[in-house]
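These notes concern the structure reproduced below.
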Amino acid sequence: MFTELPFWPQEASTVAGSVDVLTIFLVIVAFSFSFLILLLILYFSFRYRRRPGLAATPVPTRLSLEVLWTAVPLGLTAVMFTWGSGLYMHNQQDPPGAMNIYVVGKQWMWTVEHLEGRREIGELHVPAGRPVKLILASQDVIHDLFIPAFRIKQDVVPGRYTTLWFEATRIGSYRLVCAQYCGTRHSGMIGNVVVMEPQDYQTWLANGADDPPAKSGERLFHTFSCAGCHELQASQKGPPLIGMYGKSVRMESGETVAFDDAYIRESILDPNEKVVEGYRPIMPTFRNQLNEDEIIQMIAYIRSLGTGDAKP
Amino acid sequence: MTHADVPENYLTASWGWRSWLLTRDHKRIALLYLISITLFFIVGGFFALLIRLELLTPAGDLVQAETYNKLFTMHGLIMIFFFLIPSIPSVLGNFLIPLMIGARDLAFPRLNLLSWYIYIIGGVFTLAAVVTGGVDTGWTFYTPYSSTYANSNVILTALGVFITGFSSILTGLNFIVTIHKMRAPGLTWFRLPLFVWAHYATSLIMVLGTPVLAISITLILLERAFHIGIFDPKLGGDPLLFQHLFWFYSHPAVYIMILPGMGVVSEIVTCYSRKKIFGYTFVALSSLAIAALGFMVWGHHMFVSGQSPFAGMVFSMLSFLVAIPSGIKVFNWTATLYKGSISFDAPMLYALGFIGLFTIGGLTGLFLATLAVDVHVHDTYFVIAHFHYIMVGGAVMAYFGGIHFWWPKITGRLYPEVWARIAALIVFIGFNLTFFPQFLLGYLGMPRRYHAYPEEFQVWNVMSTAGASILGLGYLIPIIYLLWSLRYGRVATANPWNAMGLEWETPSPPPETNFAATPIVKEEAYSYDIHT
Amino acid sequence: MSNAIVSTRTYVATFLLLLVLLAVTIAAAYIPLGRFNWVAAMTISAAKTALIASCFMNLRSSHRLVWIAACAGCFWLALLMILSLTDFWTRGWLLP
Amino acid sequence: MTSIPESGPASVHASHGVHDHQFDDAAQQQEAATLGMWLFLATEVLFFGGLFTGYTVYRSAYPNAFGEASRHLDIVLGTVNTGVLLLSSFSMAMAVQSAQLGKRWRLLGFLTSTAVLGAVFLAIKFTEYVHKFHEHLVPGSQFVFAGPESPHAQLFFSFYFAMTGLHALHMIIGLAMLVVLMMMTLANRFGPEYHTPVETIGLYWHFVDIVWVFLFPLLYLVSR
Chain Z
301 MFTELPFWPQ EASTVAGSVD VLTIFLVIVA FSFSFLILLL ILYFSFRYRR RPGLAATPVP
361 TRLSLEVLWT AVPLGLTAVM FTWGSGLYMH NQQDPPGAMN IYVVGKQWMW TVEHLEGRRE
421 IGELHVPAGR PVKLILASQD VIHDLFIPAF RIKQDVVPGR YTTLWFEATR IGSYRLVCAQ
481 YCGTRHSGMI GNVVVMEPQD YQTWLANGAD DPPAKSGERL FHTFSCAGCH ELQASQKGPP
541 LIGMYGKSVR MESGETVAFD DAYIRESILD PNEKVVEGYR PIMPTFRNQL NEDEIIQMIA
601 YIRSLGTGDA KP
Chain R
274 MTHADVPENY LTASWGWRSW LLTRDHKRIA LLYLISITLF FIVGGFFALL IRLELLTPAG
334 DLVQAETYNK LFTMHGLIMI FFFLIPSIPS VLGNFLIPLM IGARDLAFPR LNLLSWYIYI
394 IGGVFTLAAV VTGGVDTGWT FYTPYSSTYA NSNVILTALG VFITGFSSIL TGLNFIVTIH
454 KMRAPGLTWF RLPLFVWAHY ATSLIMVLGT PVLAISITLI LLERAFHIGI FDPKLGGDPL
514 LFQHLFWFYS HPAVYIMILP GMGVVSEIVT CYSRKKIFGY TFVALSSLAI AALGFMVWGH
574 HMFVSGQSPF AGMVFSMLSF LVAIPSGIKV FNWTATLYKG SISFDAPMLY ALGFIGLFTI
634 GGLTGLFLAT LAVDVHVHDT YFVIAHFHYI MVGGAVMAYF GGIHFWWPKI TGRLYPEVWA
694 RIAALIVFIG FNLTFFPQFL LGYLGMPRRY HAYPEEFQVW NVMSTAGASI LGLGYLIPII
754 YLLWSLRYGR VATANPWNAM GLEWETPSPP PETNFAATPI VKEEAYSYDI HT
Chain L
44 MSNAIVSTRT YVATFLLLLV LLAVTIAAAY IPLGRFNWVA AMTISAAKTA LIASCFMNLR
104 SSHRLVWIAA CAGCFWLALL MILSLTDFWT RGWLLP
Chain G
27 MTSIPESGPA SVHASHGVHD HQFDDAAQQQ EAATLGMWLF LATEVLFFGG LFTGYTVYRS
87 AYPNAFGEAS RHLDIVLGTV NTGVLLLSSF SMAMAVQSAQ LGKRWRLLGF LTSTAVLGAV
147 FLAIKFTEYV HKFHEHLVPG SQFVFAGPES PHAQLFFSFY FAMTGLHALH MIIGLAMLVV
207 LMMMTLANRF GPEYHTPVET IGLYWHFVDI VWVFLFPLLY LVSR
C-alpha cells in the first residue's frame, strides 16, 4: 500500500528540477526551525515543569538574542528572495525561437490551435526537447493553465494575452488542469499534455484533419471584408499587412509599438486605440463579432503573410 | 439562591431581554458576540465537514458540482467574516480591554452596541443568501466571474459582507480611542498588557483596511447592476483592479485574525510559566510592525495572475519582511518558558499548540512568498494547508485558549480541567491529521476548489477527512462542558490562576462598572517575579 | 481643553485664500502642461486640503494624536495607490 | 477617584453638559469624540480612495478617452459648485465658533446657511445629472458617445457617477445631521462647555468638502 504513496510530483520539464531544489531548501529551513522550536518547547516544558522547590527565576531581556533572531531570519529570507526571484525571472523568460501554440480557455474546456494546422480540445501534443511558448486567451472568465509535472502555471486573463513557456524533457502524458476557480465545472477543466518524440510529433501533426488556422483566418479576412481597406498592397484607407508581423511601427500618437499578437488583437477590438501613423481612425470595431478562436485564426493568417525583421 | 443574596455583578445587575438587547455594558455586548459567533462557527464547521466528506472519493458523488462550489464559498465567507475576524476582538477584546486598562467601559458604548447589531444584520443577509440558494463565487468574489458570469446570490451575500465590515470598523475605532484616552493613571504604554497592544495593532488594520473592502464590494454591486465595465474586460475594465482592491484589505485581514491570538498567547504563556514575557518591547512593537507591513504585501496573492513581474518582485521582498516580526514573537514566547515554573493547564496546552502550529504556518508562508515556488504551489492545496495552519492552528487555538483562560472571569465558573486537556489534545491531533497531508497534496499539484480530483490524490484526502472528523469532535467537547460549567462548574474566585493583570483585581464576574475605584498602576506588566 | 477659538478674521482670510486657489487650479488646467497638468492640480488640491484641515477643522490647535490620525488616512491611501500602480505602470518592463 | 455626580450609566445631557459615566471629565469625552471622528474620516479617506485608485489606473490606461469624455462635463457648474461648497465650509466653521462662544441664535443662523448651501450644491449636481441624462451619457444600455472610444468613455462616466454619487450621498447624510443639530440648538442643548456634536459634525462636513476639492480637478479639469 505504501509503495505508490505519492510524495513528489514527476519532473518533466527543464525548470522542474531547479524549482524542486529551491523547494527542498525551503523545506529544510522550515523543518529545522519548526524542529528547533518544538525541541525548545519540549525541553523547557520538561526541565522547568512546575514542581515543589522550583521557583521561576526572572530572566532579563537580552538585546543580543533579539538581534540574533532578527538578523538570522533576515539573512535567510534575503537568500530566499534573491534565489526565488532570480529563478522566477529565468523561468518566465521564454527562449527565442520557441514554437508558438495558441491555447484558448473557455468555460470548462481548453482548445489548442497549432499553427501548422491541428486543432485539439483538452489535449496538447508537444515535441520533447524543444521550447514551446503557449499564448493564452480566455473567452469568458479568468482561468489558469497549470501543468504540475512542468512546475508552471499562468492565469489566463480575459481581455489580454498571457504567455507561458516550457521545454518538455521526458516522453509521456502529464496532467493539465485549470487552477483558477472559473465556475460550475471548474474541476472538469482537465486535459493532458502528450510529450512525443519530435518525429512522432511531426507525423501526428501532418495527418491532422482540419485546415490550419491561417486558412480559416484568410476566409474570415474576406467574409468580414477586411480586404476592402487592408488589401494586400498599400492602400490609403488601411495600413498594409504584408510582412508587418513582428515589426515595430510608429503610431499617430508618436510612440512606436511592436506589431505583435496583442497589437493585432487590440486593433481588431478597439481599432482607434493605437492608429498607425498617416492613417485616420475610421476602422469599425469587430468586438462581439469575432470570438477568441477567430481572432487567433486572423493572427495566424497575418503571420502567414510573412514576418518583418524581428521574430515575435 | 434567593434574589436577596445573589452577588451583585454585571450578569445580575438587571434582568429581562431588554437589559440584554439594549445594553451598553461592554461585558454584555461581549457575551452577545460570543453567542452569535459560536452559531456561525458551528454553521461554518458543518460546511467544512460536508466538503471533507465530498473529498473522500475522487469522483464528485456526494453533492453536485454546483452545490460543492457553494459549500466551499460559504464555508470561507462564514468562517472568515463571521467567525475569525470578530472572534477574539469582539468577544475577549470587548470584555477585557476596559478591564485591563482600568476603565469603566469603552469610549463609545452606544457605537459598541451598534456594531453588534450591524454584525447581526450582515449575518442575516448572508444566512438569507445561504438559505435561498447560496453563492458560488468563492469567498474572494473574483471578477469577471462574480460580476458578470455568476448567477447565484452574489448581491445578497456581498451586501451581507459589506454591512458586517462596518461592525469591524466600529469595533476597531472604539478600541483605538479607548486605549489612547482611557488608561488608568500610571498605566503607560509600555506597562500595557500585550493583549492590549495586539488589539491596538488589530484595530489599526480594521479601521484602515475594511473601507477598501467596502468599496470593492460596492463596485461589484454596481458592475452586476449596470454592467458599466469597471471590471469587465469587454468594456475596457481590468479584472486585476478588483484583485488589488480586494487583497489590499484581505491580506491585512489575516493579520486581524492572528494578531489578537498572539495577544492571548502572550498572556497565557506568562501566566502559566510564572514569568515576565521575554523581550516585552520587541513583542509589543512587532505587533505594530505586522500591522504596518501587513498593508504592503498583498501582491503575493497575484504572482501568477498577470501582474507585472516587477510588482511581483516588490511584493515578494515586502512579504519576506512581514515574516520577521512573527518570527520575533515566536522566539520570545519560547524564551519566556526558560527558567519558568510551567504548568500544563488547558489554556497553556492551547498556547503551546499555537506556537508550534503557527510556526509551521508562518514558515510555509515563505514558500508562497518565494516567486519561483509560488508559481507551482499557487491555488493548490498547499495554500489551503498554509492558511489553515495559521487560521485554525493559530487563531482558533488561541481563541479556545483565551476562552478557557478568562472563562472564570467572564462567567464566574471554572471549566472541568481534565476534560479541557483531553479536548485540547484531540484538537491538536485532529488538526495535524487534517491539514498536514494537504501540504503534500498541494505540491503534488492538486488544485484548490476541486469538486472531483484525479485518483492518485485519494490517499491523502482520506487521511485529511479522517482528521477533520476528529477535529470536529475536538471542537464539540469544549462547547458541551463549557455550557455544563455555567450551571455545575465550581464557583471561581477573583483570580483562580493568580495571574497578573488589572482584570484579575476585580471580582469574577466583575461588577457593572468594573472597578469600585479606578486602580493606580505602579509596576510593569506580568510582574510575576514580585508576586510569586 | 476644548479647542481654541479662532477669530472670524482668520476664517474669512482662509475662505478667500481657498477661492483664490480655486481660480488658480482652473487657470492651471487651461495651460497645456502635458503630464504636469495632473501634478499641478493635485498639489493645489493638497494645499486647499491643508488649509481647510488646519484652519476650519482646527487641526492646528488639536492634540498631536489627532494630527497622526489625519495623516494616517492619507498615508495608507498613498500605500494603496503607489503599490497598485507598481503593477499597472510596469507591465511591460522586465518581461515582454 | 474624583467624585463626579454619578447618575447611573446613562449620560445626563443637562444644558451645562455633564459627561458620560465612562469618562473622567468633559474634556476627556470631547477629546475622545474628536479623535473618534478623525479616525472615522480616515476610513472615509480609504473608502473614497478605492475609487480614486480605480480612476487613476483607468485614466493612465485610456488618457485620450478620459480627456475626451471629461470635456463633456460642464465646467461652469463645477466651479460654482466648488465655490458653494467652500462657502458652506466657511459657514460651518463660523457655526462651530458661535457654539464655542455660546451664541445660540448665531449658531442656528450659520447651521441653516450651511444646510442651505449644501442643498444648493445638491440642486446644481442634480441639474448636471439631468443634463447628462439628456445627452445619453449615463452608463448602461442607452449610453451614446460620439467619438472613437465609446466603451472607455463609458468607463469615465461610470467613475464620474460613482464618485460624485457617493459624494452626494455623503452630503445628504451631512444635511440630515445638520438638521438634527439645528433641532438640538433650538432645544438649547449646546453651551460653551458642551458643543461636541457641533464640532464633530463640523469635521465631517469639512471632510466632505475636501473630497469635492479633489473630485473637481480630477473629473472636470482632466485635460482641458
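Sequence order for the protein chains is Z, R, L and G.
If you read the first sequence in this note's numbering, its first letter stands for residue 301, the second for the next number, and so on.
If you read the second sequence in this note's numbering, its first letter stands for residue 274, the second for the next number, and so on.
If you read the third sequence in this note's numbering, its first letter stands for residue 44, the second for the next number, and so on.
If you read the fourth sequence in this note's numbering, its first letter stands for residue 27, the second for the next number, and so on.
Idealized CB from N, CA, C, for every residue including glycine.
For clarity, every value in this text was computed on a predicted model and none was experimentally measured.
- Look at the beta carbons and you see the region 469-486 of chain R touching the region 516-534 of chain R: at least three pairs across the two are nearer than 8 Å.
- For alanine 115/L, at least one C-beta of chain G is nearer than 8 Å to its own C-beta.
- Within the same chain, Cβ atoms closer than 7 Å to the Cβ of valine 106/G are found at Ile150, the five residues on either side in sequence being excluded.
- Against chain R, a Cβ distance below 8 Å from methionine 380/Z picks out Phe593, Leu639, Ala642, Thr643.
- In the DSSP assignment, the residues bridged to histidine 425/Z are Val494/Z.
- When CB distances to chain R are screened at a threshold of 7 Å, the residues of the region 105-137 of chain L falling below it are Leu108, Ala115, Trp119, Leu122, Leu123, Leu126, Ser127, Thr129, Asp130, Thr133, Arg134, Trp136, Leu137, in chain order.
- For glutamine 392/Z, at least one C-beta of chain L is nearer than 8 Å to its own C-beta.
- When only Cα atoms are considered, glutamate 728/R and aspartate 334/R end up about 14 Å apart.
- Think of a sphere of 8 Å around the beta carbon of phenylalanine 73/G: the chain R residues whose beta carbon falls inside it are Pro484, Val485, Ala487, Ile488, in chain order.
- With respect to chain L, the C-beta atom of glycine 774/R has no partner C-beta closer than 8 Å.
- Within a 10 Å sphere around the beta-carbon of cysteine 482/Z sit 16 or more other beta-carbons, which makes this residue buried.
- Taking C-alpha positions only, glutamate 423/Z is separated from histidine 348/R by approximately 34 Å.
- Secondary-structure assignment with DSSP links glutamine 454/Z through a beta bridge to Leu445/Z.
- DSSP places glycine 405/Z in the uninterrupted beta strand (DSSP E) bounded by 399-406.
- Counting only Cβ-Cβ distances below 8 Å, methionine 389/Z has contacts in chain L at Leu137, Leu138, in chain order.
- Between phenylalanine 446/Z and alanine 479/Z, the beta carbon gap of about 4 Å places them in contact (Cβ cut-off 8 Å).
- With 16 or more other CB atoms across the displayed protein chains lying within 10 angstroms of its CB, glutamate 420/Z is buried.
- For tryptophan 132/L, no pairing in a beta bridge is given by DSSP.
- Note on geometry: alpha-carbon atoms of methionine 210/G and tyrosine 186/G lie some 36 Å from one another.
- Its chain contains Trp408 as the residues whose beta carbon lies nearer than 6 Å to that of arginine 485/Z, once the 5 sequence neighbours on both sides are disregarded; these appear in chain order.
- Rounded to whole angstroms, the Cβ separation of leucine 137/L and methionine 380/Z is 19 Å, and the two are not in contact under 8 Å.
- A Cβ-Cβ distance of about 19 Å is found for the pair phenylalanine 576/R and leucine 122/L, leaving them out of contact under the 8 Å criterion.
- Closest by C-alpha distance to asparagine 426/R, out of Lys343/R, Ile391/R, Pro359/R, is Lys343/R.
- Cβ proximity to chain R below 9 Å picks out Leu65, Phe66, Ala68, Thr69, Glu70, Val71, Leu72, Phe73, Phe74, Gly75, Gly76, Leu77, Thr79, Gly80, Val83, Tyr84, Ala87, Tyr88, Ala91 from the region 65-92 of chain G.
- In this structure the region 45-56 of chain G does not touch the region 600-607 of chain R; the number of beta carbon pairs closer than 8 Å is below three.
- Residues of chain L with a Cβ closer than 8 Å to the Cβ of arginine 132/G do not exist, since the nearest Cβ in that chain sits about 11 Å away.
- Think of a sphere of 7 Å around the beta carbon of phenylalanine 240/G: the chain L residues whose beta carbon falls inside it are Ser88, in chain order.
- Taking every protein chain shown into account, the CB of phenylalanine 381/R has 16 or more other CB atoms within 10 angstroms, so this residue is buried.
- With contacts defined as CB atoms closer than 8 Å, glycine 747/R and alanine 668/R fail to qualify as a contacting pair.
- Per DSSP, the continuous beta strand (DSSP E) segment holding phenylalanine 466/Z begins and ends at 462-467.
- The Cβ atoms of alanine 84/L and proline 243/G sit closer than 8 Å to each other.
- Annotation: the continuous beta strand (DSSP E) that includes proline 431/Z extends over 431-438.
- The beta carbon of valine 549/Z is closer than 7 Å to those of Thr556, Val557, Phe559, Val576 in its chain, skipping five residues each way along the sequence.
- Counting along the chain, the unbroken beta strand (DSSP E) around valine 557/Z starts and ends at 556-558.
- Linking leucine 65/L to leucine 120/L through their CA atoms gives a straight-line distance of about 24 Å.
- Just measuring C-alpha positions, the residue of Leu245/G, Val224/G, Val234/G, Glu219/G sitting nearest leucine 133/G is Val224/G.
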